[in-house]
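Whatever position you read off the sequence shown (first residue = 1), add 1 for our numbering. The C-beta atom is built at its ideal place from N, Cα and C for all residues, glycine as well. First the structure, in the form of structure tokens, and then the observations on it.
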Amino acid sequence: MRKQYPKVSSFELYDAEIDDSSIEREIENAKDKNKSKDNKDQKKEEPVDDTSPREQEEIDFLLKYNGEPLENEWKWAEEMSFVYSWVNGSDPNHLELKAKYNGGDKKADNRDRSVDELRYSLRSFEKYLPWHKGTIYIVTPNQVPIWLDTSNPRIKVINQDDIIPAEANPTFNSFLVEMYLDKIPGISERFVYLNDDYFFRTYTHPRFFFTDKKFAPKFYISKNVPFGMKKALEMNEGKNKLSMIKKFQSAVFYTNGIVKEAFGNSVNLRWLDHSPYSWYRDLFEPARQLYSKYVKQSLTHHFRDSLDLIPTYGFQAYVMFGAAVPNYPEYVGGDGTARDSAPAQLNPHRTIKHYSFDIVSPNIRAKTIKFGSIYENLERNEKLYNEIRNSTILLYNLNDDYKSETAGKNLVNFMVSMYPSPSKFE
């Protein structure tokens, strides 16, 4: 009997990712249908701590870890690969190449601007993951940070052109690069992918990335993505150019449609938190095979596109709905195109025989990760910095949404204050 998945009916949306008023109105209308008639009369209740004993045990374990040597069952994690993606969007050569494909625009956008976040992220990594002895891969568009000591045996800089299909080069589409991280030579069976604006605030155990016992990847996901491919196509109608955030929303909705096509309408994506991405290396290729039509489409996009397959979403879905089922890889889960797909072809030398995952609960996420944006409002930024300093979180992300030089300098000052000592990678 085929495994059935519960139908998703939530229309809630991850607020940090949305600014489109028309989409928000549709979401609110959908919510209103589910409201009870006497909802207006209900009094606002005080927040209740509904942390379960299991959640509290997990929180206590993670927050009490103080850098001690790993337990024997976790020794494998010492050699686990970590992967960063990095680009110096202000590099004149990079901008010159980019201009050949974007109509001549040589401006650096916020997403690719660098104030040496990677330097401070690596400082936080070295200090707060003292157990790690393996390789840190830095995937770049044939660039090397000038401060990076590439002679350090733990650092390997990977030219993204060497891991993606030749016909896609050159690419400025980070989604496409993320789709082929498994092609990095020597990458471990389990690995963690980080962005360069992720920072560890305190000592972090590998149980933050993988579950105990089964060592399954932890997925930091929140509310249901409310729309699919139809909405994405509607957003792309007409001549109006989509903003960066709307383009991202469209790509998420589009990916949700791809996932439903593959695994059936009963499944649904959920918004990803700004968090580490824990992966099984050997599931990338079968995921690409299942989504091959859309992978080929993304290969033609030199830049992020509103009709992209986003691998962090699509590949997580493959783990959840396709691989974490009995009899995989002979049988791929799902009730869409996956139902009739061929058995997954996996690395014959793999040591992992069974695949699973764990969705991190909101209570645990709230205590361990934080997303923040750096804006023009210096007072607001300082408040965020102080919240981070005084928190118990393990990891935080600082999104680049500022324009002024002062806001950038303040960000650098904050990073220096948090991580003043150079790492062995400099």
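Asked: Same chain, Cβ closer than 6 Å to V193, five either side skipped, listed in chain order; Found: F83, F210, P277, S279
Asked: Length of the line joining the Cα atoms of F62 and R208; Found: 9 Å
Asked: According to DSSP, residues forming a beta bridge with P218; Found: F211
Asked: Cβ-Cβ separation, D309 to A252 (assumed contact under 8 Å), whole Å; Found: 4 Å
Asked: Integer-rounded CB distance, given that D336 should sit under 8 Å from S422; Found: 53 Å between Cβ atoms; not a contact.
Asked: Which listed residue (K248, V116, I137, S357) has its alpha carbon closest to that of D213; Found: S357
Asked: Within 9 Å, strictly: CB atoms of Y281 and R191; Found: yes
Asked: 7 Å Cβ shell around G187 - same chain, five flanking residues per side excluded; Found: T136
Asked: Own chain, CB closer than 7 Å to D92, minus 5 neighbours either side, in chain order; Found: Q144
Asked: Three-state class that DSSP yields for T141 in the structure shown; Found: strand
Asked: Proximity of F372 and N398 at Cβ, strictly below 9 Å; Found: yes
Asked: The alpha helix (DSSP H) enclosing V158, as first and last residue numbers; Found: No alpha helix (DSSP H) contains V158, which is instead part of the beta strand (DSSP E) from 156 to 160.
Asked: Span of the alpha helix (DSSP H), counted from its first residue to its last, around N391; Found: Neither: N391 is in no alpha helix (DSSP H) and is coded neither H nor E.
Asked: Cα-Cα separation, L270 to R305; Found: 20 Å
Asked: Stretch-stretch touch, CB-based, cutoff 8 Å, three pairs: the region 399 to 412 with the region 114 to 130; Found: yes
Asked: Buried versus exposed, by CB contacts within 10 Å (16 or more), Y15; Found: Confidence in Y15 is poor, its pLDDT being 33 and thus under 50, which makes the residue's placement too unreliable to answer from.
Asked: C-alpha gap between E427 and R155, whole angstroms; Found: 12 Å
Asked: Coil, strand or helix - S244 by DSSP; Found: coil
Asked: Candidates E127, P171, R202, W132, of which the one nearest Y386 by Cα; Found: R202
Asked: Euclidean distance between Cα positions of E1 and P146; Found: Here the chain covers residues 2 to 427 and nothing more, so residue 1 does not appear.
Asked: Chain-order list of residues whose beta-carbon lies under 7 Å from that of G229 (same chain, five-residue window excluded); Found: F254, N257, G258, K261
Asked: Those runs of the beta strand (DSSP E) which lie wholly inside the region 257 to 307 and span at least 3 residues; Found: 271 to 273, 278 to 281
Asked: CB of I185 within 9 Å of CB of Q317, strictly; Found: no
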